[in-house]
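Below is one structure, written out as structure tokens; comments come after it.
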Amino acid sequence: MIIKTKKEEFESYLEDTSNLYGNASSLYIVKSRDELIELIRDFNKHKARFTISAGRTGTTGGCVPLEGVIISIEQLKSIIEIDKDKKTMHLETGLTFKEFEGITAKNNLMLRACPTESLAFIGGAISTCASGVRGFGYGSIRNYISEIEVILPTGEPMVIKRGTIFSKERLFDFEYKGKKFKFKLPSYTAPKIKSQAGYFVHSNMDLIDLFIGSEGTLGVVVAVKIDLQDKPVDVFDGLIFFKKETQGLGFIAEIKNLKQKNLLKPTSLEFFDENSLNMLREEYSFVPACECAVYFEQAIEPCDKPDILMDKWVNLIEESFALTEKSLLADTSQERERIFEFRHRLPQLINEYLRNYKQLKTAVDCAVPHNSFTYMYNFYKEKAKESGIRYVNFGHIGEDHLHFNFLPKATQETFTAKKYMEMFCKKAVSLGGTVSAEHGIGKIKKPYLKIMYDKSQIEEMARLKKYFDPNCIMGLDNIFEKEILSSI
Ligand SMILES: Cc1cc2nc3c(=O)[nH]c(=O)nc-3n(C[C@H](O)[C@H](O)[C@H](O)COP(=O)(O)OP(=O)(O)OC[C@H]3O[C@@H](n4cnc5c(N)ncnc54)[C@H](O)[C@@H]3O)c2cc1C
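So for the sequence shown, my numbering puts the first residue at 714; every next one is plus one.
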């Protein structure tokens, strides 16, 4: 184990991409799962607090410690087994997505639902239940996890296989290695739309799903069995520009409609508003003057006829009055990478901008039920204009989920932006939506979770955490304030 006690040696572990800056007395980099078990047992015995750190690409301060020590899983990188026939990979969770994808590619397989940021760890992605640009086609990482090994905050390891331990209504009652576990789930039900706000809970649920997305508060996910898929026969992408926003939104509505009727199965459908394009144009001169753009990805499966599929897209694009001459269609891996990089560059530019102005991330990633999306979109626009603060709005429009980011230049603007963010979250919840569709609550979005769930429901979450972490030592201040833990 590597232990660093001088702050200057582990300063980068005190922040993530939210720009929240934390505090810790030391950093422990464990070299094995056994070492981690010993360490956590010891911490539990001495009631010593710790925060798990993975790729630190999170946007909500989840891995940022406010006290205690940091444990990094960056050296837990073993590949336990790749079963090419069953298309599964069993691995430790300290691998980055880049490393993971390198290995799956060598085996001619892939995880199609790949979260966007390649520097994120597998463990971080599981703990935030990440989804990415292909969420429209494949959903979140949750759908592909068949087994996890968790080290509970008491230091007990537990292997959870999907399909083996279920709650009865809201009650879990099971035995694991001779120890009895009996606890009640919170009374709320996680929204049916894409959501990563608080613990994932519903009646008769699988235990594995409780740990996925639990944001480093219930246990350390040290190993996982992931279901992989064959690579598609081919893939093509499009980056389509629209002079008028209404044209772009009409195109999106048509694609969604076709998908619903099973007549088209795009794997990505992403949106960029005019402000996003203005920001990107500074680096990508090919972006024309226009009001919006749509990025899509279409996988070609063995049953598809590529030419017919491509023609279908070309017709849809032409019929929607897109700026066809300026738009890009990519069917080589090089061209596709260029478009993918373009899509991925926007959140990076936002993070760089905020870092430059030394401002906290001021973004919401609400999702709403499909029939409320247009209303929510117009609400964002109207209120953002009223605020007078620069902003961009982009993201996973296929799932009725956008990343609305204010771009404040000074603390006063951040202060104002926060009021508007609260307004957005209230509106999303009133429409049956969620305050976070994929980035989680972490430390900086706790006020918004209170809009979605009432005090007693948040206390129920805290009670659940305390069941697994009786000494309240792990991932404190994530999802809810640690003070709640002492009051229940
Ligand atoms: C440019 C950019 C684009 C992004 N795009 C997307 C996107 O499209 N979709 C998306 O979902 N996210 C996206 N993100 C956010 C981020 O990449 C994800 O939240 C990611 O899953 C975090 O992984 P990480 O390894 O960096 O975790 P960290 O930030 O290190 O940690 C996140 C949380 O998980 C906990 N944790 C980490 N590992 C473990 C573990 N093994 N066991 C228990 N708890 C653990 C931490 O304590 C913390 O609470 C993006 C980020 C950036 C910077």
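For every residue, glycine included, the Cβ atom is placed at its ideal position computed from N, Cα and C. Please read these numbers as outputs of a predicted model, since none were measured by experiment.
Coil, strand or helix - residue i by DSSP
i: C1138; result: helix
i: Y1180; result: helix
i: E882; result: coil
i: D747; result: helix
i: H1116; result: strand
i: L1041; result: strand
i: S725; result: helix
i: A1130; result: helix
i: T730; result: coil
i: D1190; result: coil
i: V1027; result: helix
i: L1067; result: helix
i: S998; result: coil
i: I858; result: strand
i: P778; result: coil
i: A818; result: helix
i: P899; result: coil
i: L1036; result: coil
i: R1051; result: helix
i: Y1088; result: helix
i: R754; result: helix
i: H759; result: coil
i: A1175; result: helix
i: D1020; result: helix
i: I968; result: helix
i: G735; result: coil
Member of the options whose CA lies at the smallest distance from the CA of residue i
i: L804; options: Q909, M1023 and G836; result: G836
i: N820; options: L923, L941 and S791; result: L941
i: L749; options: S725, T718, L824 and M714; result: M714
i: S725; options: S1100, V777, T772 and R746; result: V777
i: I861; options: S880, E882, A838 and V846; result: A838
i: G1153; options: E751, M1136 and A910; result: A910
i: E1065; options: T730, F1137 and F723; result: T730
i: G876; options: L865, T718, R883 and I858; result: I858
i: G1111; options: C1016, Y734, G845 and F1119; result: G845
i: D1078; options: D1044, R1051 and I1157; result: I1157
i: K905; options: D1190, L1177, T1147 and D1167; result: T1147
i: L1144; options: A1097, F1086 and G929; result: F1086
i: N1106; options: L1115, I716, D1182 and K1096; result: L1115
i: Q788; options: I1052, R746, H1083 and L779; result: R746
i: I1186; options: L740, E751, H759 and Y741; result: H759
i: R883; options: I1201, H915 and E814; result: H915
i: S998; options: S1040, E1014 and E967; result: S1040
i: A737; options: M1165, K744, E722 and S1169; result: E722
i: T772; options: L990, Q1170 and T1075; result: T1075
i: E967; options: E995, K1025 and G775; result: K1025
i: A1012; options: V946, V1027 and F834; result: V946
i: G775; options: V863, H1057, F813 and E728; result: E728
Bridge partner(s) assigned by DSSP for residue i
i: L982; result: F1009
i: P870; result: I864
i: S840; result: Beta-bridge pairing links S840 to no other residue.
i: I795; result: M802
i: L740; result: K717 and I783
i: S766; result: S785
i: E888; result: K893
i: S1149; result: D1078
i: V948; result: A1012
i: N1106; result: F1117
i: F955; result: C1005
i: I1157; result: None, per the DSSP bridge assignment.
i: F834; result: T809
i: M823; result: Q942
Cβ-heavy atom distance, residue i to ligand 2, below 7 Å
i: I1157; result: Annotation note on ligand 2: not contained in the displayed structure, which lists ligand 1 as its ligands.
Touch test, the region 983 to 994 against the region 928 to 936, Cβ-Cβ under 8 Å, three pairs minimum: Judged by Cβ distances under 8 Å, the region 983 to 994 makes no contact with the region 928 to 936, as fewer than three pairs qualify.
Residue ranges of each alpha helix (DSSP H) run of no fewer than 4 residues wholly in the region 902 to 942, ordered along the chain? 920 to 924
Pairing CB atoms from the region 751 to 771 with CB atoms from the region 792 to 800, are three or more of them under 8 Å? Taking 8 Å as the limit for Cβ pairs, the verdict is that the region 792 to 800 does not touch the region 751 to 771.
With a cut-off of 8 Å, do at least 3 Cβ pairs link the region 992 to 1002 to the region 960 to 978? no
Counting Cβ pairs closer than 8 Å, one from the region 1005 to 1021 and one from the region 919 to 929, do we hit at least three? No, the region 1005 to 1021 does not touch the region 919 to 929.
Mind the definition here: the region 1130 to 1148 touches the region 865 to 872 only if three or more C-beta pairs lie below 8 Å; say whether that holds. no
Contact the region 1048 to 1068 vs the region 943 to 957: 3+ CB pairs below 8 Å: Three or more Cβ pairs closer than 8 Å define a contact, and the region 1048 to 1068 meets that threshold against the region 943 to 957.
Given 8 Å, three or more beta-carbon pairs between the region 891 to 904 and the region 771 to 785: no
Contact between the region 1030 to 1040 and the region 1081 to 1098 is defined here as three or more beta-carbon pairs at a separation below 8 Å; is this criterion met? no
The region 956 to 975 in contact with the region 820 to 835 per 3-pair CB rule at 8 Å: no
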